[in-house]
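What follows is a set of notes on a single structure, which appears directly below.
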Amino acid sequence: MSQDSKTNIWLVCKKERTLLLCAIVFAIVVSLVQYFSIPKTYHSSVKIAIETSDEDITDNFLIASHLLNLGYPEEPISSITHDPFIYQKILSSDQFINQALAIKLPSPNGEGTINYRDYLEKHCKHPWWAFLERKKTTVDMGRENIKHEVDLHTAILTLQATAQSPSIAEILVDSVVKVFEAYLIEYKSKKSGIHAQHLKNIRADVGKTYHQAMKEKIDFEDTNFDLSTPTERIWSTHLDKEANRTLNTYSMAAINYKLAQIKEQQSKPSFVCIARNGRSTSPSAPNLPVIMVVWLFYSLLFTTWWVLLRNKFIHKTD
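Under this note's numbering, the residues of the sequence shown are numbered 156 to 473, in order.
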């Protein structure tokens, strides 16, 4: 762009400064209307680490050592209470949100308590243009107001609750932590129980195979105790190997089942609070400077474009 073009644009804008000032005033007025139309919201957050205590389970180390000495691979058992992907799965599920919607909160009118579902449906304010938007379900509103962030490296969990009252936000985030703790304990118990039952069934199946192999070996030895022919000696060696193989498989299944029982009986996970952002004194939204900057930008951009376009059109007609 040449210097003359820049000068011409500046002169045109200077000439239409009244219109540009009107655009600035319009943007300020609209941003103020929008700011005061949006209900103020407050955040409260807590950062927690989830730990389990295994001090009471000393046999775990003895069995694991025995397992390695025998050369058996351990049946993989996911550490449910330390898996950050499990946290995300639980916190994002509709089932967890529905449990959170049953949290008891103080009634905004000061009369008793109400559950979080009623608070969202009956006591939350909305901007006047909300009727133009797609109506959200209560679960969707709950998911928007209860947010989570999981550090995949440290498995540290951050929970944040949003409400239109700072006291409600603080109570809500504490209650969400309790709901998540109870949900995680129940989830862990169910998964561990299913896994232990699966390994128990495997142990029973391989146990039958082992006992059948031993029975065939004993019956053969009782019938052919002198092993007088080469065929009898070869068959006896085969039965010995088969009995040893099934014994090893049965031992491995029994150890894996024992480990699963230990996992199932482990102590409940404890939630350790690392950082806490309690009751907020200032609203987190709406943000007046941001709203105003956005409106000023688009208002001046459109007005300048229209002024330059009109000026170019007038010159062409002349």
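For every residue, glycine included, the Cβ atom is placed at its ideal position computed from N, Cα and C.
Note that this is a predicted model, so its numbers are computed, not measured.
Closest residue to residue i among the options (Cα-Cα distance)
i              : options                        : result
alanine 324    : Asp395, Lys195, Gln189, Lys396 : Lys195
proline 321    : Ile193, Thr364, Ser199         : Ser199
proline 239    : Phe191, Glu276, Asn270, Asp306 : Asp306
glutamine 352  : Val294, Ser248, Ala415, Thr386 : Ala415
isoleucine 417 : Leu443, His350, Asp329         : His350
aspartate 360  : Thr401, Leu246, Arg172, Phe286 : Thr401
alanine 337    : Asn442, Tyr242, Val448, Lys467 : Tyr242
tyrosine 197   : Pro438, Pro444, Asn466, Val449 : Pro438
valine 449     : Val184, Glu171, Asp374, Val328 : Val184
serine 186     : Asn264, Asn466, Pro444, Trp460 : Pro444
glutamate 304  : Ala204, Pro385, Thr292         : Ala204
Buried versus exposed call for residue i [16 or more other C-beta atoms within 10 Å across all chains shown]
i              : result
valine 462     : buried
serine 262     : exposed
isoleucine 446 : buried
isoleucine 389 : exposed
lysine 333     : exposed
valine 508     : Because the chain in this structure spans residues 156 to 473, residue 508 falls outside the shown range and cannot be described.
glutamate 288  : exposed
alanine 440    : exposed
leucine 464    : exposed
alanine 285    : exposed
valine 328     : buried
arginine 358   : buried
Contacts around residue i, its chain only, beta-carbon distance under 6 angstroms, and the 5 residues preceding and following it disregarded
i              : result
serine 425     : Glu206
lysine 372     : Leu394, Ala398
leucine 451    : Ala182
isoleucine 252 : Val294, Gly297, Arg298
tryptophan 283 : Ser192
glutamine 250  : none
asparagine 466 : Val167
glutamate 387  : Asn379
Beta-carbon contacts of residue i that lie in its chain and below 8 angstroms, excluding the five residues immediately before and after
i          : result
valine 331 : Ala255, Ile258, Ile301, Leu314, Ala316
serine 220 : For serine 220, the predicted model reports a pLDDT of 47, less than 50, meaning its position is unreliable and no value from the coordinates is stated.
Sequence-distant residues of the same chain with beta carbon closer than 7 angstroms to residue i, five excluded per side
i              : result
cysteine 279   : Gln319
isoleucine 269 : Leu260, Ser262
lysine 244     : none
proline 228    : Low confidence applies to proline 228: its pLDDT is 44, below 50, so where it sits in the model is not reliable enough to give any reading.
Nearest-angstrom Cβ-Cβ length linking residue i and residue j, presumed shorter than 8 angstroms
i              : j              : result
lysine 370     : tyrosine 412   : With a Cβ gap of about 23 angstroms, lysine 370 and tyrosine 412 do not count as contacting.
isoleucine 326 : isoleucine 429 : Between isoleucine 429 and isoleucine 326 the Cβ distance is about 20 angstroms, and since that is not below 8 angstroms, they are no contact.
Query raised in the report: Taking three-plus beta-carbon pairs below 8 angstroms as touching, is the region 432 to 448 in contact with the region 330 to 350?
Result: By the Cβ test, the region 432 to 448 is not in contact with the region 330 to 350, since fewer than three Cβ pairs between them sit closer than 8 angstroms.
Report task. Kindly confirm or deny that the region 391 to 409 and the region 359 to 373 touch, where touching means at least three C-beta pairs closer than 8 angstroms. Result -> Yes, the region 391 to 409 touches the region 359 to 373.
Query raised in the report: Does the region 171 to 187 come within contact of the region 438 to 455, defined as at least 3 CB pairs closer than 8 angstroms?
Result: A contact exists between the region 171 to 187 and the region 438 to 455.
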